[in-house]
Amino acid sequence: MAVAQEALDKLLDLIGGDQNSLAELIESFLDESPLLVEQMRRAAESGDRSGLGRAAHTLKSSARDFGANELSALCAAMEKSCRDGLPSEAVMEVELIAGASDTAKKDLSSRLADLKRGGQSNEHSIGNSTT
Numbered sequence: 001m002a003v004a005q006e007a008l009d010k011l012l013d014l015i016g017g018d019q020n021s022l023a024e025l026i027e028s029f030l031d032e033s034p035l036l037v038e039q040m041r042r043a044a045e046s047g048d049r050s051g052l053g054r055a056a057h058t059l060k061s062s063a064r065d066f067g068a069n070e071l072s073a074l075c076a077a078m079e080k081s082c083r084d085g086l087p088s089e090a091v092m093e094v095e096l097i098a099g100a101s102d103t104a105k106k107d108l109s110s111r112l113a114d115l116k117r118g119g120q121s122n123e124h125s126i127g128n129s130t131t
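What follows is the structure, encoded as structure tokens:
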């Protein structure tokens, strides 16, 4: 699973249990993450180490908030690499990030659909965790 349920439950708790607000946050991530990946692609292709690091930092933080741990870890590694210079395989690494982002977006899209149906799903149960 690309997104950790516990992170979504924690986020829902932080916003007072309002599932409509959680849905809006998920929609925002779904809208913004492709833009950040595209910024990373352009920065990697043009050798813009600073721009690549900033976009990686932003996507890392958002991914972590939503429990997209693989995406967050890849972005953290990219951000760290950019501190020392442009990673030699930056373009390839951005494509790995793009793949992890796509996987996280698919999972979050499914969970968003569940929320819009009233939070009921056989696969996911946002805010109804028994753990």
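Take the sequence shown: its position 24, counting from 1, is numbered 24 in the UniProt record's numbering, and each next residue is one higher.
Beta carbons are placed, not taken as given, at the ideal position from N, Cα and C, and that holds for glycine.
Note that the structure is a prediction, hence the values are computed from the model and not measured.
Under a Cβ-count criterion, where at least 16 other Cβ atoms within 10 Å of its own Cβ denotes burial, should residue i be classed as buried or exposed?
i	result
T130	Caution is warranted here: a pLDDT of 42 is assigned to T130, below 50, making its placement in the model unreliable, and no coordinate value can be reported.
D107	buried
S109	exposed
G53	buried
Q120	With a pLDDT of 46 at Q120, under the threshold of 50, the modelled position of this residue cannot be trusted; read the value that follows with caution. By the 10 Å Cβ count, Q120 comes out exposed.
Short of 7 angstroms in beta carbon distance, which residues of its chain neighbour residue i, apart from the five on each side in sequence? Order them along the chain.
i	result
A56	M40, C75, M78, E79 and C82
S28	none
A15	Correcting the residue identity first, residue 15 is Ile in this sequence and not Ala. The residues are S21 and L22.
Compute the Euclidean distance between the alpha carbons of residue i and residue j, then round it to the nearest angstrom.
i	j	result
E93	D114	32 angstroms
G85	L112	38 angstroms
E24	G99	23 angstroms
E95	D9	29 angstroms
I26	R42	25 angstroms
V91	F66	25 angstroms
residue 209	G47	With the chain represented from 1 up to 131, any question about residue 209 goes unanswered, as that position is not in the structure.
A68	D13	18 angstroms
K60	V37	11 angstroms
A4	D18	19 angstroms
R49	T58	14 angstroms
Taking the alpha carbon of residue i as the reference point, which residue from the options has its own alpha carbon closest?
i	options	result
R117	E89, N20 and L14	N20
G51	A63, D65, L35 and Q5	L35
S72	G53, D48, I97 and E89	I97
L11	T58, P87 and R64	R64
Going along the chain, which residues of its own chain have a beta-carbon closer than 8 angstroms to the beta-carbon of residue i, five neighbours each way excluded?
i	result
L30	K105, L108, S109 and L112
G45	The identity of residue 45 in the sequence shown is Glu, whereas the question assumes Gly. The answer, listed in chain order, is V91.
If I'm right that residue i touches residue j with Cβ under 8 angstroms, what's the distance once you round it to whole angstroms?
i	j	result
S62	S101	The pair is not a contact, with the Cβ atoms about 10 angstroms apart (cut-off 8 angstroms).
A70	A2	The amino acid at residue 70 is misidentified as Ala; the sequence shows Glu. So it is a contact: roughly 7 angstroms between Cβ atoms.
Can you name, in chain order, every residue of its own chain whose Cβ lies under 6 angstroms from the Cβ of residue i, other than the five neighbours on each side?
i	result
T103	A2
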